[in-house]
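Chains as they are written, first to last, in our numbering: chain Y, 1 to 349; chain F, 1001 to 1078; chain P, 2001 to 2384.
Below you can see the structure in the form of structure tokens.
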């Protein structure tokens, strides 16, 4: 720490300072921001090398890479913040291929005027999330845009991972007769975000489910390497994810409404706003499609993991050239669970 | 039209003519400007941030009975 | 959730389905119009149609205030934002409705217009208080359920001297719409649409009471059952309508007694009467000019009337060429009769309001109807 102090005459005023254009200019101010804020929290061997890139060796095999931009508003919400979301989101994207995530990179676009205290809070949260998940942020970038051109901070994370041998998971592998499973309750994250936003206020006991799923996936894949599909139902919710998979695989699906886990508080919040939990984002859940005979085993393994305790089999894949996702309602009728059209907006009608 | 839901009154703010209602575990503050004589534990129908009417527990019970009897009533008719 | 979940019970649904199945006369058709978008939504969401016998059909009426608002009025709202720099507060439902020139409130917002979605008129008042230097206009839409909240806001704004707040009033009246449908030539003389009975709207009725429907039942000799909007309410009400039709009765019955009375909510009605008065006529999309069917703000509250505060010329806007919303709203044509349906006009790229609103016939048909036509085996068959 004293080595850093000697390099910069005055410490960064994180408590009262804010981002300004010099922090993105490539000069001393930017170097100080990186050292005293980013590296200090995200601290790891590769990052400390202070190169523009991180170099590392990997075992032979199939590699996976994924990238995700995070623009969530508000930045801080019950159960997480844009930082932890950015870490978990990309870890999950990598994990959905069955791969073990290795490293992350993080690019920050900061808005002029963004308080450094908030930035530190975000970065510290990222660091905690990365450490807890065992997936370090090894390289990054910072740019600053003029006030009014950003929403405080945008974060883009890219992750790489390595796929274990014998694992071939892809969205076009679903087959008629397969079972469809989810790892837990639907709609938690999106409802939490909506309840934190300005014009919709209500007190609930819901928090975001943002979490890294790679260890749950590792357990599932170790037990059943032949899993067909994995995907995390983020934007657009379960409904969108299932429609995507149905289309990719050229199949249809039939779900049972009663089998889909939804927390009572989420159900109530959705009733209030006229929203459907099936279309609401999740950040710590996954959808799994596997052969019918493997479903019970996958379910057991899921339920043994803390992040899969509410896991359930919710339906099955069927032959259908039109790719419809149908659902038997709890009421006894049936309905279509279609693609999300536009953005789900609260309605009065 | 009209997405309106029955919610339980859990607190009343007489000064502002508002109430806190609970729908399951979700709570919301709504206006009582359109209703009268609302007490805590009453159920009200809420729509766009207002209570529109009280929900009558007796009538709710009767309606549920009607549903249950529907099947039986048919058996009685020749 | 009390008073919600009990009215969705599967076992009772089955019982009611059996009762309806036994009650219907196999030799006749029962076409029951649900006027209220909430009923359309419940029917699709729970799959109520699947539990009905085949000779009972739900006909979707124009009970969607979003669908019946003429494009010109949305154009006016957009003008307020673009030309007068107001903060426009609106319910979420209006944001995606297409207006003229390929615009919508959402697109105008994306281009920088200050449009804010609110859940309540109270939110709009708060925005006005928080922005004393800006004009704030609330875009008021809806039937009689949503009108009292606008009345409250107008009175509060006047009493509180909130000088930068005004309301752009587009409130419409249910009985006038029902009358218009029942009097339409297609119904009366040509018989091309046949409506045997009505589900009365749930929450409009909680405000206006069941009394206003007595006129229709008598004049047009058709039964009306005021129906709650949970799926069991819809089914029970269908049973009540079937029974009335079998017995040749045409009365107003109330299934939604837990909320609706004959007189309605007098306090709300009084408030509305204090603030609003009838317009001589108002244009409804699909129905044309309908007399005494809409409200405007009274002179005594004229200071809060956006139409008086701002120059808002009447805009005679037309639907996109080929859009059949007007006919579809009246039940005269089906979504598949429209050339734009499924080609240019989809939920992602709606051309008309029937596709935007979740209660619009086209939006509903897009998912549900397409499925029915596709030949895909029904969920319940494959699950058996």
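Idealized CB from N, CA, C, for every residue including glycine.
Legend entry - Classification of residue 2289 of chain P by the beta-carbon crowding that lies within 10 angstroms, buried from 16 upward: exposed
Legend entry - With 16 other Cβ atoms within 10 Å as the buried cut-off, status of residue 2276 of chain P: buried
Inset, instruction - Report buried or exposed for residue 2230 of chain P, applying the criterion of at least 16 other Cβ atoms within 10 angstroms of its Cβ. - result: buried
Legend entry - Candidates Y:29, Y:44 and Y:167, of which the one nearest residue 11 of chain Y by Cα: Y:29
Inset, instruction - Mind checking the segment 2018–2031 of chain P against chain Y and listing, in chain order, the residues whose C-beta falls within less than 9 Å of any C-beta there? - result: none
Inset, instruction - Taking residue 2170 of chain P as the reference, give the member of P:2265, P:2147 and P:2184 with the closest Cα. - result: P:2147
Inset, instruction - Give the single residue among Y:85, Y:144 and Y:7 whose Cα lies nearest to the Cα of residue 22 of chain Y. - result: Y:144
Inset, instruction - Give the range of the alpha helix (DSSP H) segment to which residue 2010 of chain P is assigned. - result: 2010–2023
Inset, instruction - May I ask which residues mark the beginning and end of the alpha helix (DSSP H) holding residue 2243 of chain P? - result: 2231–2246
Inset, instruction - Give the range of the beta strand (DSSP E) segment to which residue 2076 of chain P is assigned. - result: Taken as a continuous stretch (DSSP letters only), residue 2076 of chain P belongs to no beta strand (DSSP E), being part of the alpha helix (DSSP H) at 2071–2084.
Inset, instruction - Indicate whether at least one CB of chain P lies closer than 7 Å to the CB of residue 345 of chain Y. - result: yes
Inset, instruction - Use the C-beta contact count for residue 69 of chain Y: other C-beta atoms within 10 angstroms, 16 or more gives buried, fewer gives exposed. - result: exposed
Inset, instruction - Can you give me, in chain order, the residues of the segment 1022–1036 of chain F that have a beta carbon less than 7 Å from any beta carbon in chain Y? - result: 1023, 1024, 1025, 1026, 1027 and 1028
Inset, instruction - Please state whether DSSP places residue 22 of chain Y in a helix, a strand or coil. - result: helix
Inset, instruction - Give me the Cα-Cα distance between residue 2078 of chain P and residue 2104 of chain P, rounded to the nearest whole angstrom. - result: 8 Å
Inset, instruction - Check the C-beta distance from residue 2353 of chain P over to residue 2059 of chain P and give it rounded, since I have them as a contact under 8 Å. - result: At roughly 18 Å, the Cβ-Cβ gap does not stay under 8 Å, so residue 2353 of chain P and residue 2059 of chain P are not in contact.
Legend entry - Candidates F:1064, F:1019, F:1062 and F:1065: closest to residue 1043 of chain F by CA position: F:1019
Inset, instruction - Tell me residue 53 of chain Y's beta-bridge partners as DSSP assigns them. - result: BP columns for residue 53 of chain Y are empty, so no partner.
Legend entry - First through last residue of the beta strand (DSSP E) which encompasses residue 315 of chain Y: 312–318
Inset, instruction - State the DSSP-derived secondary structure class of residue 344 of chain Y, mapped to helix, strand or coil. - result: coil
Legend entry - Status (buried if at least 16 other CB within 10 Å, exposed otherwise) for residue 2225 of chain P: buried
Legend entry - Bridge partners - residue 156 of chain Y, DSSP secondary structure assignment: Y:69 and Y:107
Inset, instruction - Inspect the beta-carbon positions of residue 110 of chain Y and residue 137 of chain Y and report whether they are closer than 7 Å. - result: no
Legend entry - Meets three-Cβ-pair contact criterion under 8 Å: the segment 113–127 of chain Y and the segment 88–100 of chain Y: no
Legend entry - Presumed contact (8 Å Cβ cut-off) between residue 175 of chain Y and residue 251 of chain Y, rounded CB distance: 7 Å
Inset, instruction - Rounded to whole angstroms, what's the CA-CA distance from residue 87 of chain Y to residue 64 of chain Y? Just pull it up for me. - result: 16 Å
Inset, instruction - Could you work out which residue in P:2214, P:2050 and P:2063 is closest to residue 2262 of chain P when comparing CA atoms only? - result: P:2214
Inset, instruction - Kindly list the residues whose CB is nearer than 8 Å to the CB of residue 294 of chain Y, restricted to its own chain and excluding five residues on each side of it in sequence; keep chain order. - result: 179, 224, 226 and 227
Inset, instruction - Could you check which residue in P:2173, P:2361 and P:2196 has the C-alpha nearest to that of residue 2293 of chain P? - result: P:2173
Inset, instruction - Identify every residue that forms a DSSP beta bridge with residue 173 of chain Y. - result: Per DSSP, none; premise fails for residue 173 of chain Y.
Inset, instruction - For residue 344 of chain Y, count neighbouring C-beta atoms within 10 Å of its own C-beta (all shown protein chains included) and say buried if the count is 16 or more, exposed if not. - result: buried
Inset, instruction - For the beta strand (DSSP E) holding residue 180 of chain Y, just list the boundary residues, first then last. - result: 179–182
Legend entry - CB contact check: residue 84 of chain Y to chain F, cutoff 7 Å: no
Inset, instruction - Could you tell me which of P:2128, P:2141 and P:2139 sits nearest to residue 2162 of chain P, measuring between CA atoms? - result: P:2128
Inset, instruction - Check whether the Cβ atoms of residue 2178 of chain P and residue 2216 of chain P lie closer than 7 Å to each other. - result: yes
Inset, instruction - Please list the partners that residue 1016 of chain F has in chain P, where partner means a Cβ-to-Cβ separation under 7 Å. - result: Residues of chain P passing the Cβ test: none, with the nearest at roughly 10 Å.
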